[in-house]
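See below for the structure under consideration.
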Amino acid sequence: MSNPREKFSKIYNKYIDKIYRFVFLKVSSQEIAEDLTSEAFSRTWTVFKKKSQEIKNIQAFLYKTARNLVTDHYRQKGRIRIVSADNPFIIDPGQNLEEESKLNSDIESIKKDISDLKDDYQNVLIWHYVDDLSIDEMSALLGRTNGATRVLLHRALKALKKALKAKIREV
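All you need for the numbering used here is the position in the sequence shown, starting with 1, plus 876.
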């Protein structure tokens, strides 16, 4: 399979859902997430067809491209908000409305706390706990050592835990 289109088609199929979910959690809009995800793959294709041998980690390249597009999006909009208030991923039709309402309220609270964290903290939490990326994969995305990435993830969890504890004390 030396055809670049076939190779890239497989890459697209493998990573489209992860890249879209990552972007969606950052921009809060399905339409914007679709546009930015499409642009991320378009830019990656442009580089891939010319320099496919030079891209050592295609997943890292895609995430970095997507992350840069999200950053550019917020620079253009002049906004800071990072994590979505919409939640299309957690739906259980078997729950009653009261349980669903409480769950949605809890999720919104956690997402709000995550959106208040530093961007690097948000990224590692999403990559590790939503996209199931390993420390090695996140290290490649961040250009850090595995040890530094573990420390970053630990600090992100610690900051989130502190924010959640502060909320519990308020209630």
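The C-beta atom is built at its ideal place from N, Cα and C for all residues, glycine as well.
TODO: Give a yes or no on whether the C-beta atoms belonging to T941 and T922 are separated by under 8 Å.
DONE: Here the question's residue 941 lines up with position 65 in the sequence shown. Here the question's residue 922 lines up with position 46 in the sequence shown. In this structure, T922 does not lie closer than 8 Å to T941 by Cβ.
- [ ] Compare the C-alpha of L1036 against each of S991, T1025 and R1045 and name the closest.
- [x] Translated into positions along the sequence shown, residue 1036 becomes position 160. Selected option, being the one with the closest Cα: S991.
- [ ] Tell me whether S905 sits in a helix, a strand or coil according to DSSP, three-state version.
- [x] Your numbering for residue 905 matches position 29 in the sequence shown. Coil.
Task: Nearest neighbour of E915, chosen from Y888, A1024 and R1026 [CA to CA] - done: If you number the sequence shown from 1, residue 915 lands on position 39. Checking every option, the nearest Cα to that of E915 belongs to Y888.
Open item on the list: Rounded to the nearest angstrom, what separates F924 and K1038 at their Cα positions?
Closed with: On the sequence shown, position 48 is the one that residue 924 refers to. On the sequence shown, position 162 is the one that residue 1038 refers to. Each residue's alpha carbon lies about 42 Å from the other.
TODO: Might you give, ordered along the chain, the residues of its own chain that have their beta carbon closer than 7 Å to the beta carbon of I1002, omitting 5 neighbours on each side?
DONE: Along the sequence shown, read from residue 1 onward, the residue named residue 1002 stands at position 126. Closer than 7 Å at Cβ, skipping near neighbours: F898 and L901.
Open item on the list: Tell me whether the stretch 943-950 and the stretch 903-917 touch, counting them as touching only if at least three CB pairs, one residue from each stretch, are closer than 8 Å.
Closed with: yes
Task: DSSP three-state assignment for T1021, whether helix, strand or coil - done: Locating residue 1021 in the sequence shown gives position 145, counting from the first residue. T1021: coil per DSSP, three-state reduction.
TODO: Could you check the C-alpha separation between K932 and A1016 for me, to the nearest Å?
DONE: As a first step, residue 932 must be located in the sequence shown, where it is residue number 56. As a first step, residue 1016 must be located in the sequence shown, where it is residue number 140. The alpha-carbon atoms of K932 and A1016 are separated by roughly 10 Å.
Open item on the list: Is the beta carbon of L1033 closer than 8 Å to that of T1025?
Closed with: Numbered from its first residue, the sequence shown carries residue 1025 at position 149. Numbered from its first residue, the sequence shown carries residue 1033 at position 157. Contact flag unset, no.
TODO: Rank R881, P880, N999 and K988 by C-alpha distance to the C-alpha of K894 and give the top, closest one.
DONE: As a working note, residue 894 is residue 18 in the sequence shown. Considering only alpha carbons, the answer is N999.
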